[in-house]
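S.K.: Dropping a structure here in C-alpha cells format, bear with me for questions.
Numbering (the UniProt record's numbering), first residue to last: 1 to 495.
Printed below as a string of C-alpha cells:
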C-alpha cells in the first residue's frame, strides 16, 4: 500500500527528460527553474502537511491519517494528469506533496507499532520496499511512453492507481493498538494486539503500552513538541533532525530524480538514459529487499556504517568519472564502455543507500520516541526530510551546472561526516520493544552527558523499578497458576 508514497521519484526523473527542456550546454541545458520548482513543490507541500499529520495521528488515529493521505494522492495525481497549464500542474504537485507528508508520517509509525519487536525492522522497511517498487514501475512506464506526446500525463497520473492500494489498506487494516489505547479504547486495543501477536499472552506488551499511554495522557500535542526540547528527550530530537538531514545529503534524491539528465549530459541518448534509470531502480529494489531480510539480524548500525563507506567510495569514483567525461560527447555518442562504467558506479551507490540510509532513515526516527512524543517526533523527522529534499531538489540542477563533477564530491563529504556520526552516536535498537528503545540513550556513553547524567540515571532507575515490579507480578501470577493446576476440577487435590 505504500508504493504510491515515493512513486514520484521515478515519475519525475522520467518527466525531466520527457519534458525536453533543452537549453544550451551539456550541463546548463537542464538548469531550468521550471523543472527545479516542479520537482521541489511537492517537498514544500509535504513539509507543511507533516505538522497536521502529527495532530491527526494522535487525535484521530493512524488509519484516518492513512485514508486522508490516499485521498490527497488521488486528487493530486488527477490534477497533474489532466493539467491544462502550469498552474494546474503545480497545484496537483502540491496536493501530491500533502499526501506524501501524511503518508511518510503515519506509515512508518503504524508499522513500528503493529510489528513484533523482533521483526520490527524488516516489517517497517516494507514501507521503503513498496516505495522502490513504485519507483521501478514508474521508470518502466516512462520508458514505455517516451515517444507518446501525452506520455507525461500517464506518468504523472499513475500515482492515483497506486494510491488506491493505500486507500484500501487504510480501510481493511486494523488500527494500531497503541493508538486505540491512547484514545481510550483499551479493550479494543488489547483485542487487536492479541490478534496481531497470535496469542493471548500479551500482558508484558500491554503494560508497556498502558504505562506509555498514562504518561502521554498528561501531555497535550502542543506540549509534546516542547517536551522534545527537554533534556530527557534531547537525543531523540537530535536524531529525528539529523538522520533525515543526512539522508538527503547523501545525494540520493538528486541522483534518483536526475539520473536521465546526468546520462544525457554525459552524451547518452534519451532512450538509453531512461533504460539506465530502470536498471538503477531495479538495483534499488533488490538491495532494499536484502536489507529487509537482514536488518533484524545484523542490526541498524551495521547497515548504516557499511552503506556509508560504500556510498562515500561510489561518490568519489562518480566524481572522477564525470570530471573526465562531462560534456565530451553529443547525445547518443557516449562510448558503451564508459556508459556501462558510469552505470555500475551509480548502481553501487544506489544499492548502498537502499540497504542503509534509505529504509533506516525512516525506521529509526519511528522507533526511538516515547509514546507521548512519538507523533510529534515523527512530524519533526518528516518535516526535516522534506525541508532538505526541497533544498536539494531546488538547487541540484544549478549545482550540477556550476560545480559539474564537484557536486558528487560535495555529497561524498557529507557521507563521510554522517558515517562518523553514526559510529559514535547511534545506539543499536534491534530486538528492543519500541516502548523501551528510549532507555538505550540513557545508557549510551555519548548521550548521557548530553541528556545530563542526572536525568539519564533517573530514566535508568525508573526502568529498573518497573522491571523489578513486573518480575514480581509475573512470579506471583505464575505461582497462582501453579496452585490452581494442583487443584482438582472441583477444588480438590489433583490425582
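A virtual CB, placed ideally from N, CA and C, is assigned to each residue, including glycine.
From a predicted model like this one, the values you see are computed outputs, not experimental measurements.
In the segment 408-472, which residue ranges form an unbroken alpha helix (DSSP H) of at least 4 residues, counting only runs that do not cross its ends?
M.R.: The qualifying runs are 439-442, 448-451.
S.K.: Three Cβ pairs or more, each shorter than 8 Å: is that satisfied between the segment 165-181 and the segment 388-397?
M.R.: No, because fewer than three Cβ pairs between the segment 165-181 and the segment 388-397 fall closer than 8 Å, the two stretches do not touch.
S.K.: For the alpha helix (DSSP H) containing residue 399, list its first residue and its last residue.
M.R.: Unbroken alpha helix (DSSP H) run through residue 399: 371-403.
S.K.: How would you call residue 424, buried or exposed, if buried means at least 16 neighbouring beta carbons within 10 angstroms?
M.R.: It is exposed - the Cβ of residue 424 has fewer than 16 other Cβ atoms within 10 Å.
S.K.: Decide if residue 43 is buried, meaning its Cβ has at least 16 other Cβ atoms within 10 Å, or exposed.
M.R.: That one is buried.
S.K.: Short check: CB of residue 166 to CB of residue 103, under 8 Å?
M.R.: Closer than 8 Å, so yes.
S.K.: Going along the chain, which residues of its own chain have a beta-carbon closer than 8 Å to the beta-carbon of residue 403, five neighbours each way excluded?
M.R.: 410.
S.K.: Any contact of the segment 354-369 with the segment 211-220, i.e. 3+ C-beta pairs under 8 Å?
M.R.: Because the criterion of three Cβ pairs below 8 Å is not met, the segment 354-369 and the segment 211-220 do not touch.
S.K.: Just how far apart, CA to CA, sit residue 426 and residue 301?
M.R.: Spanning the two alpha carbons is a distance of roughly 7 Å.
S.K.: Taking the C-alpha atoms as reference points, what is the distance between residue 387 and residue 238?
M.R.: So the alpha carbons of these two residues sit roughly 16 Å apart.
S.K.: CB-CB under 7 Å to residue 285, same chain, minus the five flanking residues each way: which ones, in chain order?
M.R.: 132, 133, 136, listed in sequence order.
S.K.: Quick one: is residue 23 buried, meaning 16 or more other Cβ sit within 10 Å of its Cβ, or exposed?
M.R.: Residue confidence is low: residue 23 scores 37 on pLDDT, short of 50, so the model does not pin down where it sits. Its coordinate-derived value is still stated next. Counting Cβ neighbours within 10 Å, residue 23 comes out exposed, since fewer than 16 surround it.
S.K.: Are residue 382 and residue 280 close, meaning C-beta to C-beta below 8 Å?
M.R.: Cβ atoms of residue 382 and residue 280: not closer than 8 Å.
S.K.: Could you check if residue 3 is buried or exposed, using at least 16 other CB atoms within 10 Å of its CB as the buried criterion?
M.R.: Because residue 3 sits at a pLDDT of 38, beneath the cut-off of 50, its placement in the model cannot be relied upon, and the following sentence gives the value as read from the coordinates. With 16 or more Cβ atoms within 10 Å of its Cβ, residue 3 is classed as buried.
S.K.: Kindly indicate the opening and closing residues of the alpha helix (DSSP H) around residue 186.
M.R.: Note, residue 186: alpha helix (DSSP H), 186-197.
S.K.: For residue 23, which three-state DSSP category applies?
M.R.: With a pLDDT of 37 at residue 23, under the threshold of 50, the modelled position of that residue is not reliable, and the figure given next carries that caveat. It is coil, neither helix nor strand.
S.K.: Are residue 109 and residue 57 close, meaning C-beta to C-beta below 8 Å?
M.R.: Result yes, Cβ atoms of residue 109 and residue 57 sit closer than 8 Å.
S.K.: In this structure, how does DSSP classify residue 251 when only helix, strand and coil are distinguished?
M.R.: DSSP places residue 251 in coil when its eight states are reduced to three.
S.K.: Give the DSSP-derived three-state secondary structure of residue 287 in the structure shown.
M.R.: Residue state, collapsed to three classes: helix.
S.K.: What residue range does the alpha helix (DSSP H) around residue 356 cover?
M.R.: No alpha helix (DSSP H) holds residue 356; DSSP gives it neither H nor E.
S.K.: Nearest-angstrom Cα distance between residue 418 and residue 45?
M.R.: So the two alpha carbons sit approximately 27 Å from each other.
S.K.: Please classify residue 88 as buried or exposed, where buried requires at least 16 neighbouring CB atoms within 10 angstroms.
M.R.: The residue in question, residue 88, is exposed, as its Cβ has fewer than 16 Cβ neighbours within 10 Å.
S.K.: By Cβ distance, which residues of its chain are closer than 7 Å to residue 235, with the 5 residues on each side in sequence left out?
M.R.: Once the five neighbours on either side are set aside, the close Cβ partners of residue 235 are 441, 447, 450, 451.
S.K.: For the segment 46-101, list the alpha helix (DSSP H) runs that are entirely contained and at least 4 residues long, ordered along the chain.
M.R.: For the segment 46-101, whole alpha helix (DSSP H) runs of length 4 or above, ordered along the chain, are 62-81.
S.K.: Is it buried or exposed for residue 86, if we count other Cβ within 10 angstroms and need 16 for buried?
M.R.: That one is exposed.
S.K.: Are there 16 or more other CB atoms within 10 angstroms of the CB of residue 413, so buried, or fewer, so exposed?
M.R.: The residue in question, residue 413, is exposed, as its Cβ has fewer than 16 Cβ neighbours within 10 Å.
S.K.: With a 10 Å radius around its C-beta and 16 neighbouring C-beta atoms as the bar for buried, classify residue 112 as buried or exposed.
M.R.: Flag for residue 112 reads buried.
S.K.: Are the beta-carbon atoms belonging to residue 60 and residue 143 less than 8 Å from one another?
M.R.: Not closer than 8 Å, so no.
S.K.: Rounded to whole angstroms, what is the Cα-Cα separation between residue 453 and residue 229?
M.R.: Near 17 Å, if we compare the C-alpha coordinates of residue 229 and residue 453.
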